[in-house]
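With the sequence shown counted from 1, adding 642 to any position gets you my numbering. Even glycine gets a Cβ: it sits at the ideal position worked out from N, Cα and C. Quick caveat: nothing in here was measured; it's all calculated off a predicted structure. Each remark here refers to the structure printed beneath this line.
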Amino acid sequence: MIRLLAPALVLLCCTGCLSRLLSPITTRLDDVNGQLALTNQRLSSVDSSLSGVNQRLEDMKAELDSINSELAATRAAVEPLSSSIDGLGGSLETTNERLAQVSAEVDGIAGDVSTVSARLSQTNQKLDDTNARLGSVTQQLGTTNDRLGTTNQTISSVDTRLAEANRGIGGLGGVVDAVGTRVQEILETIERVPGLRPRQP
């Protein structure tokens, strides 16, 4: 009878030992899963912020297209009246200087938009790098906590860059408004100069 019970007792002892050995590993895996869930939430927030920035850029492009159309219409109204410009040299010189300033400001806006696009490309690259690091988490549990710390630092940097991009875009909105005001001033100047008033359709 004792011989029959001995294997059962040994099995029970082994089972208890395995449970004690697996318990820390299970706890560590739970911690890792919790950190991964938090990281995924932060990545979702970053994606939402990127969508908002992209939408603002699209809106700015539409405003720039509208301003360019107004500039084209202004130039089209001025060019057919070249025969009457001889006696209005001073006024036209001032108008041309203002047009040059507007063109320079539009070029500056285009450069700012390119800079914002470059920053967004860098942000996307950093997000790709972050995703690649997260892909190796399941293979390297021993260094998961350190790598997750690095990932969170990278995401914090991305958040900071996005905040800077949003501030920059807000500044660009002010420049776009200034350009629109200058175009309106040019149109009003043309209205006041005899012989340069655009023909009514």
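- Residue 688 is positioned such that its CB atom lies no closer than 8 Å to that of residue 762.
- The distance from the Cβ of residue 758 to that of residue 706 is about 13 Å, inconsistent with a contact at the 8 Å cut-off.
- Between residue 751 and residue 825, the C-beta gap is not smaller than 8 Å, which leaves the two residues out of contact.
- If you draw a straight line from the Cα of residue 791 to the Cα of residue 798, it is about 11 Å long.
- Taking C-beta separations shorter than 7 Å and ignoring five residues to either side along the sequence, residue 683 has no partners in its chain.
- Counting the other CB atoms within 10 Å of its CB gives residue 828 a total of 16 or more, which places it among the buried residues.
- Relative to residue 686, the option among 830, 769, 834, 807 whose CA is nearest is 769.
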